[in-house]
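Q: Position in the sequence shown counted from 1, then plus 12, gives you the working numbering.
Where a beta carbon is used, it is the ideal one built from N, C-alpha and C, also for glycine.
Questions regarding the structure given below will be posed in turn.
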Amino acid sequence: MVINSLEMHTPKFITLCCGCTIILAILFTGCKAIVSPLVTNYTDPYHEKVEKAGFAEKSVKIRQTDLHYAEGPKNGPPLVLLHAQLMDWFDYSRVLPELSKSYHVFVIDYNGHGKTAAPASTMNANAIGNILATFMEKEVKEPAFVSGNSSGGLLTAWLAANKPELVKAILLEDPPLFSAEYPRVKQTIAYKSFETCHTYVASNSKADFITYWIGASSAFIEKNAGKKATPRLLAMVKTYKDANPGKPVELRFLPVMLRMFFRGMSRFDPHFGDSFYTGEWNREFDHAEALRKIKCPTLLLQANFETRADGILDGAMNQNDADKAMTLLSNAKYQKINASHVVHLDKPEEFIKIMNRFFLAPQSQ
């Protein structure tokens, strides 16, 4: 697959990526002078929509971490959102305006992502979980609904298991329960991405990671989009970065899932992915033990997955993982959804309905 990541792994996503890379290659052939302004002048239209909904970006110092987050208006109970690995807070942009009508939303760039600055030593579940707990104590100041996607889902489970007094109920959006634990993680499609992170960290590369990643993925890109696709994609990224110093990369021509991926990767700390490669991320965070400890209402939302002929899991959880999780959770509901891994981007309206039905409906009964 094109990005070899637990966060983006569906066949639909692969098709989009290959197709868009071909388009980019064509666009950058012989017409760079025309295309360049279209690349450099782009701003995702949801920035304005999110701002109009009342969100403001903020930061707070928690020990060694400068934690960045966006906060919405106080229109309901507090809701904490935790994005997927390789993304940032803005990947929730398609659902934030609507969610802000019913909740007081806090959407966080946790360690290794977005504008948050944190040392490599904090790239593990226990360290990040404790930082998030302190954030909730200092900024949220009351028990909250918490929803997390992928690695953010694992952190959501950590909070519910270890800081139950801070959590009212949780939505686990396609978390890699059990599959992300070492050594089983080696049998997932994500492991190639984690290996790339590890190689980058070990090599002390001075390249920014998005450039490094595209180069490391060149064989796949060129196989599916032609030999000139990699340098042309690199040229587009460089063109945007040179024209917009300090801003995350946002590429106009890509569908929203890919656009958010490249945006997130442009600020991603590969030490985070490296910690999954080495097993450090889950050190002293046993998934089964954590699930047994969770007592609050829980919704486990599982997206599409497949197991390849070679036994590699292309997805966050297989059915056995989801079934095992449900046997360990004492107060949980399960829902399967026909969607890709980042459900709130693939099916935003359906995601909002699922969340509101689970978090808010009991309050009206």
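#1: Closest by CA to leucine 183, which one among Leu171, Glu177, Pro57, Val152?
#2: Give the DSSP bridge partners of proline 90, in chain order.
#3: On the premise that alanine 156 lies in contact with valine 92, defined as a C-beta separation below 8 angstroms, what is that separation, rounded to the nearest angstrom?
#4: With DSSP run on the structure shown, which of helix, strand or coil describes glycine 276?
#5: What did DSSP end up calling glutamate 154 once you bin it into helix, strand or coil?
#6: Going by other Cβ atoms of all chains shown within 10 Å of its Cβ, with 16 needed for buried, is threonine 319 buried or exposed?
#7: At a cut of 8 angstroms, does the stretch 50–66 reach the stretch 103–122 through at least three beta carbon pairs?
#8: So, alanine 351 versus alanine 328, is the Cβ gap smaller than 8 angstroms?
#9: Apart from the five residues on each side of it in sequence, which residues of its chain come closer than 6 angstroms, Cβ to Cβ, to histidine 80?
#10: Give the single residue among Leu266, Thr242, Pro267, Arg279 whose Cα lies nearest to the Cα of proline 257.
#11: Confirm, please, whether the CB-CB distance from valine 119 to alanine 169 is below 8 angstroms.
#12: Just curious, the alpha helix (DSSP H) that isoleucine 226 is in, first and last residue?
#13: Pull up the DSSP beta-bridge partners for leucine 144, would you.
#14: Using the C-alpha atoms, what's the distance from serine 230 back to glutamate 177?
#15: Tell me which residue opens and which closes the beta strand (DSSP E) that serine 71 is part of.
#16: If you check the beta carbons only, do asparagine 161 and histidine 356 fall under 8 angstroms apart?
#17: Looking at the structure shown, is aspartate 326 part of a helix, part of a strand, or coil, going by DSSP?
#18: Assuming arginine 244 contacts leucine 50 (C-beta within less than 8 angstroms), just tell me the rounded distance between them.
#19: Would you mind giving the Cβ-Cβ distance between phenylalanine 190 and aspartate 333, rounded to the nearest angstrom? I have them listed as a contact below 8 angstroms.
#20: What's the C-alpha gap between tryptophan 101 and threonine 223?
#21: Please find out if some non-hydrogen atom of the ligand NAP comes closer than 7 angstroms to the beta-carbon of glutamate 292.
#22: Keeping to the same chain, check which residues put their C-beta closer than 8 angstroms to that of lysine 73; ignore five residues upstream and five downstream.
#23: I'd like the list of long-range same chain contacts for glycine 323, defined as Cβ closer than 8 angstroms, with 5 residues on each side in sequence excluded.
#24: Considering threonine 310, what are the terminal residues of the beta strand (DSSP E) in which it resides?
#25: Can you tell me which of the three DSSP states glutamine 199 falls into?
#26: Kindly indicate which three-state DSSP category phenylalanine 370 falls into: helix, strand or coil?
#27: Within 10 angstroms of its Cβ, does asparagine 123 collect 16 or more other Cβ (buried), or is it exposed?
#28: On the DSSP bridge assignment, give the partners of lysine 348 in chain order.
#29: For aspartate 335, count neighbouring Cβ atoms within 10 angstroms of its own Cβ and tell me buried if that reaches 16, exposed if not.
#30: Taking the alpha carbon of cysteine 308 as the reference point, which residue from Tyr212, Pro89, Ala181, Phe284 has its own alpha carbon closest?
#31: Can you have a look at asparagine 343 and say buried or exposed, based on whether 16 or more other CB atoms are within 10 angstroms of its CB?
#32: Looking at phenylalanine 232 and proline 282, is the spacing between their C-beta atoms short of 8 angstroms?
#33: Strictly by DSSP, which residues pair up with alanine 129?
A: In this structure, then:
#1: Ranked by Cα distance from leucine 183, the first of Leu171, Glu177, Pro57, Val152 is Leu171.
#2: BP columns for proline 90 point to His116.
#3: The C-beta distance from valine 92 to alanine 156 rounds to 5 angstroms, short enough to fall under 8 angstroms.
#4: Here glycine 276 carries a helix assignment [DSSP, helix/strand/coil].
#5: Glutamate 154 falls in the coil class under three-state DSSP.
#6: Residue burial annotation: threonine 319 is exposed, with fewer than 16 other C-beta atoms found within 10 angstroms of its C-beta.
#7: With a cut-off of 8 angstroms, the stretch 103–122 and the stretch 50–66 count as touching, because enough Cβ pairs lie within range.
#8: The answer is no: Cβ separation not under 8 angstroms.
#9: Correct list, in chain order: Ser71, Asp121, Gly126, Lys127, Thr128.
#10: Nearest C-alpha to proline 257: Arg279.
#11: Taking 8 angstroms as the cut-off, the beta carbon of alanine 169 is found no closer than this to the beta carbon of valine 119.
#12: According to the DSSP assignment, isoleucine 226 belongs to the alpha helix (DSSP H) that extends over 221–228.
#13: Paired residues: none, contrary to the question.
#14: Distance between the alpha carbons of glutamate 177 and serine 230: 47 angstroms.
#15: Counting along the chain, the beta strand (DSSP E) containing serine 71 begins and ends at 68–74.
#16: Pairing asparagine 161 with histidine 356 gives a Cβ-Cβ distance under 8 angstroms.
#17: Strand at aspartate 326.
#18: Beta-carbon to beta-carbon, arginine 244 and leucine 50 are separated by about 14 angstroms, too far to satisfy the 8 angstroms threshold.
#19: That pair is a contact at about 5 angstroms.
#20: Taking the Cα positions, tryptophan 101 is about 22 angstroms away from threonine 223.
#21: Of the ligands one can find in the structure shown there are none, so the ligand NAP has no counterpart to examine.
#22: Only residues of its own chain outside the window of five on either side were considered, and among them Leu79 have a CB closer than 8 angstroms to the CB of lysine 73, listed in chain order.
#23: So the list reads Gln199, once near-sequence residues are dropped.
#24: Counting along the chain, the unbroken beta strand (DSSP E) around threonine 310 starts and ends at 310–314.
#25: Looking at glutamine 199 - three-state DSSP - the assignment turns out to be helix.
#26: Note: phenylalanine 370 maps to helix in three-state DSSP.
#27: The residue in question, asparagine 123, is buried, as its Cβ has 16 or more Cβ neighbours within 10 Å.
#28: DSSP output for lysine 348 lists Gln314 as bridge partner(s).
#29: That one is exposed.
#30: When the alpha-carbon of cysteine 308 is set against those of Tyr212, Pro89, Ala181, Phe284, the nearest one is in Ala181.
#31: With fewer than 16 Cβ atoms within 10 Å of its Cβ, asparagine 343 is classed as exposed.
#32: The beta carbons of proline 282 and phenylalanine 232 sit no closer together than 8 angstroms.
#33: For alanine 129, which the question treats as bridged, DSSP gives the partners Asp78.
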